Each structure stands twice: as C-alpha cells, then as structure tokens.
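One structure is given here, and the rest of the page talks about it.
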Amino acid sequence: MVAQKTILKTLTGFIACCFLVFSPDVSAQREAVPTEAEIIAQGEQLWGEYVCNTCHKVNEKLVGPAMAGVYDRRELDWIYSWVKNSTRLIQSGDEQAVALYEEYNQLQMPSYDLSDDQILAILAYVRDYEENPPVQAAAETSVEGSSSSAEGTIPAQYLNIIIGVLIVILVLILIVLVLIMSVVKKYLQDKKEDLDEADAEVVSESFSLMAFLRSPTVIGIITFLVIALASKNVIDGLYTIGVQQGYAPQQPIAFSHQIHAGQYEIGCEYCHTGVEIGKSANIPSVNICMNCHSAIKTESPEIQKLYAAQESGEPIEWVRVHNLPDLAYFNHSQHVKVGGIECQTCHGEIQEMEVVQQHAPLTMGWCIDCHRNTSVNAKGNGYYDKLVELHNASSTEPMKVADIGGLECSKCHY
Amino acid sequence: MKENQKTYWKGVEQLKNDPNFIAKNESEFPEYLPMNEQGGDTNSRRDFLKLMGFGIAAASLAACEAPVRKAIPYLNKPVDVDPSVPNYYASTYVNGGDGVSVVVKTREGRPIKIEGNKKSNITRGGTSAQVEASVLSLYDKERLTGPLKSGAEVDWETVDGDITNALTRIAAAGGQIRIVSNTVLSPTTRKAVGDFVEKYPTTQHISYDAISHYGMLEANRKTFGEAMIPSYDFSQAKTIVSVAADFLGSWISPIEFSKQYAQTRKIHAEHREMSRHYQFESNLSLTGANADYRSPIKPTQTGGVVAAIYNMIASKAGQSKVTASQLGDVAHVTAAANELWANKGKSLMVAGSNDPDIQVLVNGINAMLGNYGTTLSTERPLHFRQGNDQAYKTFVDELNGGKIDAVFFFNCNPVYNSPLSAQLVSGMKKAKLSVSTSDRMDETAELVTYIAPDHHFLEQWNDAELKTGHISLIQPTIAPIFSTRQAPESFLKWAGANIEYYTYLQNHWRENYFTQQDAISDFQMFWDKSLYDGLFETEGNNKSYNFNFDAIADAARNVAQNYKKSDNSVELAIYQKGAIGDGSMANNPWLQEMSDPISKATWDNYVTMSMAMANEMGITMNEEVGTQTVNLTVNGATVEVPVLVQPGQAEGTIGLALGYGRTKAGKVADGIGVNAYPFLTRLNGATIFEVMGGVSLEATGNTYRIAQTQTHQTYMGRENVIQEATLGEYKKDTKAGRVYPEIYKDGKFYKPSEITLWGGHEYSNHHWAMTIDMNSCTGCSACTIACQAENNVPVVGKEEVLNRREMAWIRIDRYYSAANPAGNKKELEQAAANPEVTFQPMMCQHCNNAPCETVCPVAATTHSTEGLNQMTYNRCIGTRYCANNCPYKVRRFNWFKYHDNKQFDKNSSMNNDLGKMVLNPDVTVRARGVMEKCTMCVQRIQAGKLAAKRENRRPVDGEINVACASSCPSDALVFGDLNDPNSRISLQLQIKERENGEKATDRVVKEDRAYHVLEELNVSPNVWYMTKIRNKDKESTEA
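Note that the protein sequences, when read in sequence, are chains V and H.
The numbering of the first sequence is the working numbering, which starts it at 1 and goes up by one.
The numbering of the second sequence is the working numbering, which starts it at 10001 and goes up by one.
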C-alpha cells in the first residue's frame, strides 16, 4: 500500500494538464472563465499552494502541457473530473484522457481535493495571465530581504560618500588655514621691528620638512599607526579562519538552482522536504529528482548520472556548501516554519545561482546580529501570546528574538 | 522544628573518621597535582615563544584548506524517515526470562534511546538500568557477524544444509534432540519450536533460567495445582513483609513492583498514609534499603522466620500450627505477623527463596490472610522465569550419559550461568550435533560446532506474553546490522518450513489474537493498532483455584529440617546487582560503570561483609590502599575475592554477586570479578541462592582497590541535606523533619533568602524545575543510565573512577544513618550493623543564584531566561573554578579525550564506528578540558518547545520530560514548568499565585515537605527535594 502511495506521489509531479491538441468539437468555454480580480487572486494563491508550477507553465510545455487556452480545448466538466481524479477518467476509457496520458509518457496527474469553484479560480488566474502577461518584474520582487536586517542604520554606500565629502571639506579647511597662516606670517615679518624677542622668534622660524619627519612625535605616531593597522589586519585575518563565505565547490552533478528555482519557480520545499519539519532541510534524494527527470531531459549527460546512481544503488555524494561547526545547533523548521524567514535571507539569491555558493558568513556574530534585529513572528502563534502581552506592557518596540532569550548560549549550544 | 540527632555517613571511611578520608575529603579530587615541579628545569620565556610560534604556524597551516565535507542523501528516501526527525516505535525488551514493553527512539534509522511504554499495564512507562542500557548492546562490536561452523565463518546455506542433514540422520536413527533455552516469552516462538518438535518428535524443549524461580512454580503447583507465578499488586498492600525478596531490585518483575510500591509511599498533607514494609534479609538489598523495618538474618533463619510468621497467623486464623525450628533472636517478626493480620486482605508476604517448601508456607500465609484476589492474583499469572530446574538437571544427566545426539542452545549460556556447568561441558562433547544461537562467542557458543546467531531484540519481529493475555509486540527498529537470522526462523528452516518469520508471526496473530476481539474487523487494522500500541490484551485466565492446605505440613517439616540454626560457620547469600543482573549484559560498559545503588562500587565483584566480621578478620578498608582480599572456599572450590565492608550485612553472613567472572563476554566484561554460579546449591530439586554450609574464609593479606564512588563529593558535615521524619511525626505536623536554617545578622535571625545580594530573575516564558520525592525514590539507578544514553556521557573506566573522575551527570547519593553515636569501635560496629538508608538523586540544581556562574572568567556558564543554568562547552577554557564553587559537586570535568582514544576503548559508545551509532546526534560529544553537567536535557526542552510552536500552541505539561524523570519506575522525579499553574510540579509544590511585582525566583512553595538542599547558602535551586518519611514507630524498639 505504502509503495503504491509513493509511486502515486512520485508520479504526481508529472501530470496534469495535458489538455491538448485535438479538440475540434469542443465549444470555446473561455467566456465561462471569470475575470473578477478577486477570483483571479484566489486562483493565484491556489496555484502557489498546490505548486502547480512544478509541472505546468501557462505558456510553455513543462512536465505537463501549457495551460494557456485549456478552456478552449476542453469542456469545463471534463477539466474538473480530470483534476479531481485523472486516473479514474483514464480508466473509464475517456478518449481525450487516454490520448493525453499516452502523449505525456504515461505520467499521471495526481488527484487533487479541489472544488469546482477552486478549479475555476485557477483557470481564471491562467486566463488572466494569458491575456495580460505580467511585465518582467516577477523575478525582481521576491528577492528583497537580505538587507532588511540593517534597518535604522545608514546604508554602506551613503556612508562612503559622506566620509568622502567630509574629507574633502577638511582638506579645504586645511588649505585655507595654511594660506591664512602664511599671509599673517608675511605681514608680521614686515613689522618685525615692532615685535618683542619671543614673538620674533616664532615669526622667523623656518619650517623644515625633514626635521618635522624626524621628530619623535611624528615617528611615534607613524609607528603606532603601522602597528595598529597590521594588528587589525592580522586579527581580521584570524577571524576569517574557517569562514567560508563565497565557498562554491564544484558538485558531482551540475545542478542549477537558476533553472529549477529561478526559471521554473519550483518551490524550495518541493525538493528540500525537511525544511519545515526538521533540523536539516535535506538534500533531495534521487527519487525526488526522478519525479520529473524520468521524463524530462533524459538524454542530458548530467541527468544520466541520476540514472547511473539509481542503477548502481550508490547515492550521490554532494559537496556540502554550508558547514556549521558541530558545536552549533541550527534548526530549519524553527526559522522557516515558525519564524517565517525567507530562504534567501540566509542563502542569498539562490534562484539566480548556477552553482550554489555560501552567501552568509555563518559566523556566530552574524547569527547574533539577526537575532538582535529580527522581530519574532508571533502573530497568530499561541505559543507567543503571553510573551507578546508581557513585552508590550513594558516596551513600545516590537518584540525581537533577543528579547525572549534568543541570545542565550543553550539556544544553540548543547 | 526538631534537631535531627542522627549520624549520617556515606561510607565506612566517613563513619570511622578515617584520617586519610578526612584529608582527602577536603579536596574534590584525590590526586596530587605536580605543579611547578619540572625537575628544576622550569619553562622559560623562550619555550613559551617557541610554542606560541609553532601554535600560530600550525593554526594558519591548518586553516589554509577547509576539509571538503560531503552531504549524502538517501537514494530512495523512505516515506517515514526524515533526517533529523526522530521516530518512535513501540517494541519489547526481552532478555532471558525478562520482558518489558518499551518505546524505541530512532534517528535516521538507528535506535538511540529506549523509553518505557506508558500504555503497558505492567510497567506503565518505567524502565530499569538494564533496559535503558540494552540499546548499547545492539552496537556491541563483539557480536558475531554471521554464522560459524567450527569457529570458521560460513554462509547460511552451509549451516542450514549441515544441520538439516544431521537432524534427518539423527531423527531417522531415533536419536534424542534437545532445545535448551531460558524462558521463552514469545507464544509465536514457542509455536515455531513446536513445529520443530513435530518434525523431529524426539525433540524436547528444556528451559532453565539463570535466576531460577522454579521453587515458586513448584510451590504453586503444590498449593494450586498449577505451576505458575501469580501477579502481585503491591499498590494494594498496607503491610508488606518480604523475606529476602529483592522485589524492587531483581525479583521477578522489579519495574512493575517499583511502580506499585511507590504508589503506597506517596504522601502529602491530604493523604498522610503509607504502607509499612518489613524486610528480613542477609545482604543489604535495594528493597531492604527502602524498608521501614529491616532485620538482618542468616540464610538458615529464613525458614524459621517464615514458619514463625505462619504459626502466628495460623493461630489467629484458627488454622493448625506447623512444626517450626527454633528461631533465634530476630527483631520485628511478631510485629510483622501482627500487622499482616491486622491488614488482612490488604497485606502481602513475599519470599525470595527458591526453595519450594518456603514458598509453600508463604502461599499458606497469603491464603490465610485472604490476599489472593487483592494483592495477589491468579487471573493473569506472570510469565517471567518459568524455567524448570528439575528438567534441566535431567537433561544434563542424559547428556553426560551420552543419550542425547543433538543439542541446540537457544539464546542461552548455561556453561556460564548454570550451576551444572562442569557436567554440561563434559557432556557436550558426547553430542553429535551442537548448535548455539548466541549473538556472541560466549562460554557456551565456544564449545559448539555451529553458531547460528540470532538478531538483537531491536532487529527482530516477535511477540512476548508477559502475563497471561498480555502480549507485547516486538518490531524491528533497525535492519539487521550483521548477517544474523532470527532464531525461531532458523528452527522453522531446520524443520523444513521456508517461511519468513514475520509472516509466521502475523499468521499466529491472525489465528489467535485477532479472533479474540471484535472491536476491529480488518486484520491489517488490528495489526497496525497493536503495533502502534505495542501490545494487545486478551481476557485473563478465569480458572478458579482451590488452595490446598495439605501441602503445608510436609513443607513445614522439611523447612524445619533444612533450616537449622547453624553453628558459627559463615553463610553465603548470592545475589544480583541492579546493573549487571545475571551477567548476560556484562559486556555493556554503561552497566559496568553504574555505581551499585547500595555499595556504590563500579566495575567489580566482591564479598560483602559486616564491619564486625571484618574487624575480626583484621580487614580494613581505606581509600588510599584499598581493601584486602580473602580466599573464599565454597564446598571445596576456592577463589580469591576482595572484601567490601557493607553496613547492614547480617552477622555471620557474606554476600557475593552473580554476573561477574565472564571469560567470553567481550573486551569490557572479561576478567572482571569472580563467577558465583558454580557456588549455587540445590535443594528440593531447585537451584537455591543461599549456601548454608561449607563456606570458609581466609584473609590473604593482599590489598585490592575497589572503585567506589560513595565517598566522592561529600558535604563536609552539612548534614541537613537529608531531612526525614517518621510517619507518626508527619501525621501530627507536615513540617516534621524539616530544618529551617537561619542566618544571624545585627541581632536578628533571618531566613537565608531575606538577606541577599542577588536581584532574582524574571522568567516570563517558562520556568523549568524538578521535584525529587526521596520517599518514593528506591535508588534503582535507572535514571543514571537513561541520562548516560540521552546525553552522551562517557564511560571512564575503573582507573579513572578510582581517581574520582567518573562523569555521571546524575548520581544517587546513598546515606546510611543510625541513631546511636559512633565513637569507639564497638559503637561503630553497632552503628554499621543495620543502618537506615536514604537515597538522594543529585544532579545540577540549576540554582537561580548560581555560584558557578559568577566565577567563570569566560562566561561559559550562564543563566537562561527559563531558569536553566547553561553550560557552553565551546566557550569553556577549563579553569574548573565553577566546579570548585559548586556546593553540590555536580560538575564533571573532562580530564581526557574519552572519544576516539585507544586508552579508553572500554568507552565503546565513542571509540568505534559501530558503538558511535548510539550517540544522540543532538548532544555534543565533549572535548578534553571542558566542564560538563546536567543540562536538564535542554535538547528535549528545545525540541518540545519547537513542536508546540509549529502547532501554534503552548507545550502541554508532560509533553516535555527529562530523561531521568521519564525513566523513573517509581515516579519519584517530576519535571515541569512552574509558570504553568496546572502542571504536575506546580500542583505538587502547591505554588502560591504570584503577587504583582513578585519575581519568578521569589515564588512561595506551600508544600511543607519540599526543601532545598543546603538552603542556608541561598543559592535558590530549581530542584526541590521532598522529605523522607519512614513508617516507623518511634517508641517501640522491638515488638
């Protein structure tokens, strides 16, 4: 039984929408698909919730057929019964269904527990997408996030400009002062006879650069600066030991997040199944890859490596990119499920990475900074209700992770 | 408030005020640290610079290239296994004739921790040290990796072929075949053996047990007509009289009995009642240590005590008296008999003797008291230890007579653990076919031709009928690690049936148990439900039995004959320790290093002896040089054994534990102690554990060091750590026994908490705390092993225990106390003759005003907002200031690297790849040079909180529990959140609702029995102890 279930799940990925080519006698039902913004929004939400995009795109064929125009090709009733239980439809001998099944390498669309209205809403979203294609902005939107931790401070690029301007002003002031000095000196030299001895000495004093450079004060200052700079560099260097920020090792299979997460917008949890339930996000096992790749790009030498692994029974040895020391405990589900943190906050623009690289330094300072600056995702979570109440009684600031013990040692070390 | 006038001591050294002990007691560790003594050649500045230069160079070099680490996912991820998410499976611990329903925690498909199954009506979630430790035995490197033929590795086909051929030949010639095993609890396995017998009808199945209870089976056969062991219910008993039955430690079903017994010891202001427990015994057992009245008796007096009680009850019940031998001066016999009678039907008499005659008398007493049906029940007899000594003896005789052609040793090791070992060894040579299913090359397996190793219980499908109609399922929690095969499947195979045992088991269940219920109509659903619960209960046995008093007179005559008051010769009482038991799990280092609840000794076997006898023999115990050994001669055989002076040991008796002296158990156990099995004797056809004659002792003058932990970490005379009272005092005043320290300042006395420099803490989220009821803690030490398994606590070995460097995070402090002073030698002997015992589990107290936190120079130990004292290993630099400043001495320092270190290869959970599979992946394995201590299982707290957060709710009380408390068979430890007013701990402590502005640390505890150890220091612990209450009458000295 379990095995059957697994197979079904596996196949699920491949399905659905195979509404294809030949539909001569189907009357166009486009007009039956609603266009109200509300319904479209609901459809968009469902589209995301049921990760339709794993197998379908609106305008392109993916695992399953492109969705655009499906309401022109099929009866709505047919679509409903297909989505709800494609297996039954195929088994019933429905011509269209069987043809679709054959065309898509006998991959079945999994059954979805959706109501007719919900399916219609999805179609509404598809129609809207087809008729009003969004402007190329989608990729940009989801990628905020990483800089949010610095709220309330001055952004780095402005800081540099401000410092530059300040330096220029100071240099100008210096020049002006030197000019004033020389003018005053000249004036006094002309009136030398009127001055007393001490003042005269000051006025006639000549400035020698060499003498200045050799003076103990200057040597002292320079020595101090050199030592201070050198020590700073050494210490900074020591701190970076073991920090692998930017580490982007070559992987046994040239897997591209840019294609999967970026171009095809496959949700992270589809492959990283542990991210909401456990400590590890999980590197996907080969059977997850095979959900799609038993049918897609089967000729690619990289994909062939998957088949080889399946054949030989040897799992794929990926190179670990993010290495936390054993003494630190990190739990994905706490951050992703409970905290509601975007994957990109720590992993960077993963959907643009051809080769995954370590985005964050993963140092304790980096963890702590975030715990200091991040507000607890307490809304709607009964666990935090009393804590929020207590916090609000004494503070007007939002409750940060640090306020409820997020900086304590044994939150991460035990 | 009444001053406690008792003398408390932890060991004989302390009682005697041994100068050596006093000197050493000043410091935590005994050894002399050679500081500033490098042979005059002190380290120079140059050396320092050289070392530092090298260090920096090495560090930079090492940093050049980060090691490449691999992440290897499953090829096909099983649906139910998610890396880092634990799975729990209900199963059953089985070992020899014992069985306990358990829940096994697995991570990434490997079992790492065993917990009790709360759905079991027998053990109700309790475990024992052995059950907790059994998970490490799964990963024992000494297990066989596949079948053997004459010591050479072969494949299963060869073994099966050879055995089947041999069997066919033997059967054709009408040769005799025997299967020898311990009690087989599994009905399905018994059926498989039955199939084997059907195929080879000359087969007989002989079962014996290392710890025999044949005497009880026989006695019940005589009195009820059926050989069975009834089930007991100590929770119903107001008076419990035990004659040498260690029912809390080792007798039949100790976890079940501890649960029941503890219920009668729970006491609070609204319930000021508890049971009264009399114990008559030779060795100070765990049960004796918990008794209200304990009388030391010689083994020869057991008969007299039982007969005397029988006669006293008989005269009240109007039954005829029986012959009884002269009983010398034994305290409390009359009182015990009177109380038994006074609580007729709510009392219980048990005896540990395996002599059927004694058990017949005990049955007679319980029958006269009307206890059958209340505290004793024949409805669901216990199925443990059903071995038949008589049948086993016949088997050994036949084997020696060359009458047996084939012998199968089914998961048993009689060459080691049966008293007829020598005859067995000579007889085995005469059998044509000898097979063992042992998991290791043990003493028996070594002598057989074929070894067909069985799975560990964590690798197999099976069932176990623990009581009649109470069947507990065993399901595998890991795929077999080695090429082993389940023994019943082997028997089926040899009988010609090619069936997978799993199918066989399901078939048996379908035919037998599925039909006994009508709640579920689909077998698969029934099976899934039973598997989920781990057990299935059918109707009990509703046969009615008539008690047959005819057997009594005969039995009494025999008892009077066999138990005569001896001359002054020494008598030997052989017993089992809580950790090592019968020795079958001796190769488990956790059990070897567990300090014995009574003697506090680790890694050893010894003769226990009273102080008077030791003085007479000129034997002294001294921590520096140790103790001395004696030559112990029992019926002609002599061994050299060290002596341990044991307070409470009956005069004229010595004790010796079973389970040691293994020669083929493996690296950990081999060569430790002496084997006591050959000393067991026979009486009325049963193996008995008392040697009543033929014992002599001779001092050798050789010294020996026993690694005892008892004198480690003493309290330097601040003895209000133990607060106790009698029940009578408690009834009058719930504050009885409490000590309220006061601090004098400016002409006034203050409570310690009233004058403080500390600001207190506000715990807004959780406030974790624990209570420890010293009245129900039996000292069994299951918690110590649970802690060890949960928290990756290393084993350090005997040498390091001698250096006081044991790593246990939770220890059970055992205090002796006596009312009389201990000045001169005579008084000392009196004080040690029969002291009272108190057990006090001691772990980090998680002080709110923690003295360790203030002295750490690097802030490696800090306070959390949930009341925990946190220890951060990666920050610790090992100054050990914290340990020096801890008043409870619960911080343990890693003096060595205990993992991946050949010098600590007995620490098998950290020194080989197989053993490491048991480690808890959520807990760091500590490095050398850092301090560690109890964390209150912070990993469990964090996991529990996360589970609640993911479901958008607060954690429910009981959902988060620490390893020690969840293992406790007597529910003496309660862990919970004080911020939850309805948690068990809040209710138990009767926490007063906080007033506005009152901090969490200023909470008022209204329960009068609750106290803090060393309250005068005002460290404000989050662990409360409940006073020990003894059900003793102060006035009457002897009844």
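Ideal Cβ positions, reconstructed from N, Cα and C, are used throughout, including at glycine.
None of the values given here were measured: they were computed from a predicted structure.
Item, Value
"Residues of its chain near residue 327 (chain V), where Cβ-Cβ distance is below 8 Å and the 5 sequence neighbours each way are ignored", "413"
"Residues within the segment 10944-10978 of chain H neighbouring chain V, beta-carbon criterion of under 7 Å", "10946, 10948, 10949, 10950, 10952, 10953 and 10954"
"Contact the segment 10867-10881 of chain H vs the segment 10770-10779 of chain H: 3+ CB pairs below 8 Å", "no"
"Neighbourhood of residue 53 (chain V) by C-beta, 6 Å cutoff - its chain only, sequence neighbours within 5 removed", "265"
"Residue 430 (chain V): contacting residues in chain H (beta-carbon distance under 9 Å)", "What is shown of chain V runs 1 to 414, which leaves residue 430 (chain V) out entirely."
"Alpha carbon of residue 10535 (chain H) to alpha carbon of residue 10098 (chain H), nearest angstrom", "16 Å"
"Alpha-carbon spacing of residue 10325 (chain H) relative to residue 10380 (chain H), whole angstroms", "35 Å"
"At least three beta-carbon pairs within less than 8 Å, the segment 10993-11001 of chain H to the segment 11009-11017 of chain H", "no"
"Under 8 Å between C-beta atoms of residue 11099 (chain H) and residue 10796 (chain H)", "Since the first residue of chain H shown is 10001 and the last is 11039, residue 11099 (chain H) is not available in this structure."
"Alpha carbon of residue 10455 (chain H) to alpha carbon of residue 392 (chain V), nearest angstrom", "59 Å"
"Segment contact, 8 Å Cβ cut-off, at least three pairs: the segment 10936-10955 of chain H with the segment 381-389 of chain V", "yes"
"Opening and closing residue of the beta strand (DSSP E) in which residue 10491 (chain H) lies", "Counting along the chain, residue 10491 (chain H) falls outside any beta strand (DSSP E), though it belongs to the alpha helix (DSSP H) covering 10487-10494."
"Spatial distance of residue 10730 (chain H) from residue 10742 (chain H) (CA atoms)", "22 Å"
"Residue 10858 (chain H) burial status per 10 Å Cβ neighbour count (16 or more: buried)", "exposed"
"Residue-level contact to chain H via CB, residue 337 (chain V), 8 Å cutoff", "yes"
"Under the three-state DSSP convention, the category residue 10294 (chain H) falls into", "strand"
"Beta-ladder partner(s) of residue 10642 (chain H), from DSSP", "H:10629"
"Collapsed DSSP secondary structure at residue 10525 (chain H) in the structure displayed", "helix"
"Boundaries of the alpha helix (DSSP H) in which residue 11023 (chain H) is found, first to last residue", "Residue 11023 (chain H) -> not in any alpha helix (DSSP H); beta strand (DSSP E) instead, spanning 11023-11026."
"Neighbour flag for residue 10230 (chain H) against chain V, beta carbons, 8 Å", "no"
"Neighbour list for residue 413 (chain V) in chain H, Cβ cutoff strictly below 9 Å", "10870, 10871, 10872, 10873, 10874, 10875 and 10924"
"Local conformation of residue 84 (chain V) per DSSP, three classes", "helix"
"Close Cβ partners of residue 25 (chain V) (< 7 Å) along its chain, the five nearest in sequence each way excluded", "For residue 25 (chain V), the predicted model reports a pLDDT of 44, less than 50, meaning its position is unreliable; a value from the coordinates is still stated below. There are no such residues."
"In chain order, each alpha helix (DSSP H) run of at least 4 residues that lies wholly inside the segment 10772-10804 of chain H", "10782-10790 and 10798-10802"
"Cross-strand partners of residue 10869 (chain H) (DSSP beta bridge)", "H:10863"
"Residue(s) in a DSSP beta bridge with residue 10976 (chain H)", "H:10769"
"Extent of the continuous beta strand (DSSP E) to which residue 10394 (chain H) belongs", "Segment 10389-10400 is the alpha helix (DSSP H) holding residue 10394 (chain H); no beta strand (DSSP E) there."
"Candidates V:50, V:293, V:49 and V:361: closest to residue 240 (chain V) by CA position", "V:361"
"Under 8 Å between C-beta atoms of residue 10726 (chain H) and residue 10294 (chain H)", "no"
"Nearest-angstrom Cβ-Cβ length linking residue 10284 (chain H) and residue 10598 (chain H), presumed shorter than 8 Å", "6 Å"
"Chain H within 8 Å of residue 215 (chain V), Cβ atoms only", "no"
"Under 8 Å (Cβ pairs) to chain H, residues found in the segment 289-315 of chain V", "309, 310, 313, 314 and 315"
"Under 8 Å by beta carbon: chain V residues contacting residue 10866 (chain H)", "405"
"Any C-beta of chain H under 8 Å from that of residue 334 (chain V)", "yes"
"Contacts that residue 390 (chain V) makes with chain A (C-beta to C-beta distance below 7 Å)", "Of the protein chains in the structure, V and H, none is chain A."
"As assigned by DSSP and simplified to three states, the class of residue 10836 (chain H)", "strand"
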